[in-house]
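Shown next, in structure tokens, is the structure this report addresses.
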């Protein structure tokens, strides 16, 4: 019989009750300038009850000698979020060591500090027991899982990684699980949600201390499954430590985050960590992607492959694909002769891939094929992903999160296929992020759209006009006979209005880059900004103005490019930048 002290279920501080999924008041960590009407702007939620872990047991769990002290009822790495009974985790940050805030954590009720040798001296001044390890970040997930009762072990866990399509695929997987009758939690870039109750996401993948608490809340809410996005940052920083995924899905890998990863090999290796024994039990990989094929061959866990192009070497294939302006239909063919008619309510071949990946992951997780297909088809849409904006106009208006060269290219190519008239795009590039994608983004917009309105996105600490100038350089490198008209409008609202003013019946207007986001950062200031609402307002205002002049006759798609210069439109309002209403964008 084990001599491990018995854990008791004990309520934590009453402040926990305010950090639930569902309606609630504004928390201290929310952005009051950016209201999120569809999400609770609360601090990270915690379960109502936790496993009251004796501090001595917590020390043993970390491989340390027993330390006497009160019971542990929570774990956090944020001194501002400490609650009575917490272990405060202090590790080096970008500017300060977390140990500098140990005193504040102790004053808020922390019963111990988990830190490293570099932080031990400063943390000791807090007057609470110390747990000193080589890397606090590397073990805090294990500790949090124990304190919150290992919630992931009692739910089906599906993790999604890749450069593009994680959010869309997560919604499609949830749709399949819902069709199978499973209440599902969702954790990702847009939100954290159980059923219709949600809270604001601060990043694509929460820190390990927050993740296990959120999983505990989901378990309390009755969730039987969780689908979550797993970023490369999360895998490098160990944010998913303490979770073993039943199924992990790899969508694709294209150049991104090269301000964080030194090269594509490092980026791939980070993603591949999710497919190691002890991280996931079964993997799913996209054979249409070169890195997906590589992963399928290198992973040391069972792997299942899929191909939206119908590659016969894949386990699951899409055949008879029929694209349309509102989505695509296709037939799913499985490794043992399984077949089903499927559809995805989002346009573009990349969404056929997202849908097939979701179906493959669902079937791998044990969901019936018919339920998986029906659930994916029933998803009403994904916030900010090929999201249509309807305001009575006779042309198509779409908002999409495409903020990388390959994503922008794919979206524009897909919209071109279903656009009878002209294609207009509004797009910018974020500051303090990979600068090498700016010129390619400008070139892609200029080459693939009839009108490319280059504008500000999220300049952050950078000069918005300098970012725009780099995009214009890329646009100017496209031969005149191959590019559409290129306009530079620093103010994003006015850029959107200009694109709308140029739209006629049969045209398409794409506003790219921000998708679901509700805020912009300019020199550290958060400004409310929702592409969807700004686009809707522009359409309504244009509809109330005088009728437009007839458009110039459009050339055929293969010879439509005309000689056009690159010109700037001075709106007189300066360079308005943008930042995300949440920190998920930092991992884009």
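In full-length UniProt numbering, the protein residues as written are 1 to 588. No residue lacks a Cβ here, since even glycine has one placed at the ideal position from N, Cα and C.
Residue environment, residue i, which counts as buried when at least 16 other CB atoms sit within 10 Å
i, result
"residue 290", "exposed"
"residue 570", "Any reading at residue 570 must be qualified, since the residue scores a pLDDT of 43, below 50, and its modelled position is unreliable; the value itself is stated next. With fewer than 16 other Cβ atoms within 10 Å, it is exposed."
"residue 616", "Nothing about residue 616 can be read from this structure; the chain reaches only from 1 to 588."
"residue 96", "exposed"
"residue 380", "exposed"
"residue 370", "exposed"
"residue 336", "exposed"
"residue 86", "buried"
"residue 521", "buried"
"residue 279", "buried"
"residue 117", "exposed"
"residue 498", "buried"
"residue 127", "exposed"
"residue 21", "For residue 21, the pLDDT reaches just 38, beneath the cut-off of 50, and the residue's location in the model is therefore unreliable, leaving the point undetermined."
"residue 80", "exposed"
"residue 541", "exposed"
"residue 63", "exposed"
"residue 312", "exposed"
"residue 393", "buried"
"residue 517", "buried"
"residue 42", "Below a pLDDT of 50, predicted positions are generally treated as unreliable, and residue 42, at 48, falls in that range; no measurement from the model is reported."
"residue 530", "buried"
"residue 170", "buried"
When the options are compared against residue i, the one with the closest alpha-carbon
i, options, result
"residue 264", "275, 274 and 252", "252"
"residue 538", "493, 521 and 508", "493"
"residue 375", "344, 420 and 353", "344"
"residue 507", "440, 396, 335 and 401", "396"
"residue 526", "123, 459, 88 and 159", "459"
"residue 160", "541, 51, 247 and 59", "247"
"residue 633", "176, 99 and 111", "It is not possible to answer for residue 633, since the shown part of the chain is limited to 1 through 588."
"residue 387", "308, 509, 79 and 292", "509"
"residue 234", "273, 255 and 358", "273"
"residue 461", "416, 325 and 523", "523"
"residue 134", "145, 114, 70 and 150", "114"
"residue 192", "238, 108, 429 and 44", "44"
"residue 440", "423, 474 and 467", "474"
"residue 74", "99, 109 and 64", "109"
"residue 403", "292, 480 and 257", "257"
"residue 245", "284, 157, 317 and 150", "157"
"residue 91", "188, 70, 131 and 211", "131"
"residue 446", "480, 469, 456 and 417", "480"
"residue 71", "77, 80 and 54", "54"
"residue 218", "153, 277 and 179", "153"
"residue 125", "421, 103 and 136", "103"
"residue 308", "353, 267 and 241", "353"
N- and C-terminal bounds of the beta strand (DSSP E) containing residue i
i, result
"residue 397", "396-400"
"residue 320", "316-324"
"residue 342", "339-344"
"residue 112", "112-115"
"residue 132", "130-132"
"residue 54", "49-54"
"residue 247", "247-250"
"residue 333", "327-333"
"residue 593", "Any question about residue 593 goes unanswered here, given that the chain covers just 1 to 588."
"residue 448", "Segment 438-448 is the alpha helix (DSSP H) holding residue 448; no beta strand (DSSP E) there."
"residue 307", "303-307"
Sheet register partners of residue i (DSSP bridge)
i, result
"residue 86", "74"
"residue 453", "426 and 487"
"residue 531", "Looking at the DSSP assignment, residue 531 forms no beta bridge with any residue, so it has no partner."
"residue 200", "191"
"residue 156", "225"
"residue 57", "DSSP, once it has assigned bridges, lists no residue as partnering residue 57."
"residue 92", "97"
"residue 511", "399 and 426"
"residue 460", "522"
"residue 184", "225"
"residue 388", "398"
"residue 382", "385"
N-terminal and C-terminal residue of the alpha helix (DSSP H) that residue i is part of
i, result
"residue 351", "349-364"
"residue 176", "166-179"
"residue 281", "Note, residue 281: premise wrong, no alpha helix (DSSP H); not H, not E."
"residue 414", "405-417"
"residue 492", "492-501"
"residue 268", "264-272"
"residue 369", "369-377"
"residue 140", "136-147"
"residue 212", "208-220"
Neighbour flag for residue i against chain D, beta carbons, 8 angstroms
i, result
"residue 473", "Absence of chain D from the displayed structure is noted, only one protein chain being present."
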